[in-house]
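To start, the structure under review is shown below, and the notes come after it.
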Amino acid sequence: MKIKCIGILTSGGDAPGMNAAIRAITRSAIYNGIRVKGIYRGYKGLMMGEIEEFHTESVSNIIQHGGTILKSARCQEFHTQEGRQKAYTTLRSEGIDALVVCGGDGTFTGARLFAQEFDFPIIGVPCTIDNDLSGTDFTIGYDTALNTIVDAVDKIKDTANSHERLFFIEVMGRDAGYLALNGAIATGAEAAIIPEIETGIDQLEAFISRGFRKSKNSSIVLVAESDITGGAIGVAERLKKEHPEYEARITILGHIQRGGSPTAADRILASRLGAAAIDALIDDQRNIMVGVVNDRVVYVPFNKAIKHEKKMDTSLLSVLKVVSN
Ligand code: ATP
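Plus 160 on top of the position in the sequence shown (first one is 1) and you've got my numbering.
Here you go:
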């Protein structure tokens, strides 16, 4: 079927570079003779018909901005068959014959279900700061969040050094420790406590037994947010109980990690993947995420992308251990 009109939406947590993706998808569609409709507030706006025709100038001057001009929302109703039926009715009445959805694994789980139920073409563009989608080396927003973490930790290090203190700094990444691990390497931190090795080694004990503070006048540990470790607060409480001789300070970076102007790497990735999403539709690809592996664009079926089977490169852990020695 020849696609004549697409809808674009952003859903789930926002990520810097979403605007660059919206711009690339819009411009690339128009370049290929396809009409574009912007859908506001994710699946919620799709159900409610919050839709506007997009033109080339609708996406002017947005590439440098964080957040998303289309807004994002979480939508419980889309979990129900009635909710998805409402969304389908809107698409039909708007004359939209394919969707490009920008988001993370929840967004793609919903997209996969919807595509199957209604035999509707959907392409996913991976936008999440956590970098936790399988089948792509990087997600849009990850590089910017990592750089924000590096900036913040560099500042905290000045205080840590001046007062000879131990800091536990909590970063995002509930299911994936990329931000914590690469953030630790990039800031010269002593350790990272990440979800991938929660069950294997006791990471706090490993850090203590390596003799932290023996030769240094401050220590920084990056801790990925986690229900299991309790994040930075949980780890600091454990330290207080088990090693009362040490005192730690806690910083939770929180939402600053999501905001800000996207880095060049994220703008370029978003532009490449936005254009690739339209190429994929023209190629008759359906229900896939576009990703990048070894710097080449790839098509990844939704069920593979959302499987959480992306493997952490364990050599990075060894690098951190060696260089923080
Ligand atoms: P992030 O990784 O940044 O949190 P995300 O895309 O994973 O982004 P979610 O809030 O998990 O964010 O999902 C976004 C939306 O996708 C949900 O609000 C809901 O509308 C839809 N969605 C998620 N899971 C499902 C599901 N199992 N069935 C139908 N819709 C779903």
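Ideal placement from N, C-alpha and C gives every residue a C-beta, glycine not left out.
Selection from the options that minimises the alpha carbon distance to residue i
i           : options            : result
residue 210 : 233, 265, 320      : 233
residue 169 : 162, 163, 179      : 179
residue 300 : 456, 200, 423, 482 : 423
residue 425 : 238, 235, 304      : 304
residue 243 : 213, 207, 259, 273 : 207
residue 370 : 224, 240, 402, 485 : 485
residue 330 : 432, 431, 414      : 414
residue 482 : 367, 327, 451, 470 : 367
residue 337 : 474, 450, 198, 271 : 474
residue 185 : 456, 479, 432      : 432
residue 273 : 333, 466, 309, 302 : 466
residue 166 : 477, 452, 439      : 439
residue 398 : 249, 275, 328      : 328
residue 322 : 341, 378, 363      : 378
residue 275 : 164, 260, 479      : 260
residue 285 : 200, 197, 429      : 429
residue 238 : 471, 163, 416, 202 : 202
residue 380 : 454, 407, 249      : 407
residue 355 : 236, 264, 477, 271 : 477
residue 223 : 420, 464, 388      : 420
residue 326 : 163, 264, 396      : 396
residue 335 : 469, 226, 319, 262 : 469
residue 307 : 384, 319, 364, 343 : 343
residue 188 : 435, 441, 456, 173 : 435
residue 288 : 263, 464, 258, 404 : 263
residue 309 : 480, 411, 161      : 411
residue 226 : 181, 246, 212      : 181
residue 172 : 193, 196, 230      : 230
residue 190 : 464, 454, 442      : 442
residue 164 : 193, 175, 174      : 193
residue 386 : 453, 267, 353, 452 : 353
Segment limits, beta strand (DSSP E) that includes residue i
i           : result
residue 197 : 195 to 199
residue 263 : 258 to 263
residue 368 : Note, residue 368: premise wrong, no beta strand (DSSP E); alpha helix (DSSP H) at 363 to 369.
residue 409 : 408 to 412
residue 394 : It is not in any beta strand (DSSP E) - residue 394 instead sits in the alpha helix (DSSP H) that spans 391 to 402.
residue 384 : 379 to 384
residue 170 : 165 to 170
residue 353 : 351 to 353
Residue interval of the alpha helix (DSSP H) (run including residue i)
i           : result
residue 347 : 338 to 347
residue 243 : 241 to 254
residue 481 : 475 to 483
- Query: Any chance the region 238 to 255 sits against the region 214 to 230, with 3 or more Cβ pairs inside 8 Å?
  - Reply: no
- Sequence ranges, beta strand (DSSP E) only - wholly within the region 436 to 461, length at least 3: 448 to 453, 456 to 461
- With a cut-off of 8 Å, do at least 3 Cβ pairs link the region 435 to 452 to the region 279 to 293? yes
- Can we say the region 458 to 472 touches the region 285 to 298, given the rule of at least three CB pairs closer than 8 Å? yes
- Would you list, in sequence order, the uninterrupted beta strand (DSSP E) runs of no fewer than 3 residues that lie entirely inside the region 287 to 332? 326 to 331
- Task: Counting only runs of 3+ residues fully inside the region 178 to 238, write out the beta strand (DSSP E) ranges in chain order.
- Result: 195 to 199, 211 to 214
- Task: Pair every Cβ in the region 346 to 353 with every Cβ in the region 308 to 323, then say whether three or more of these pairs are closer than 8 Å.
- Result: yes
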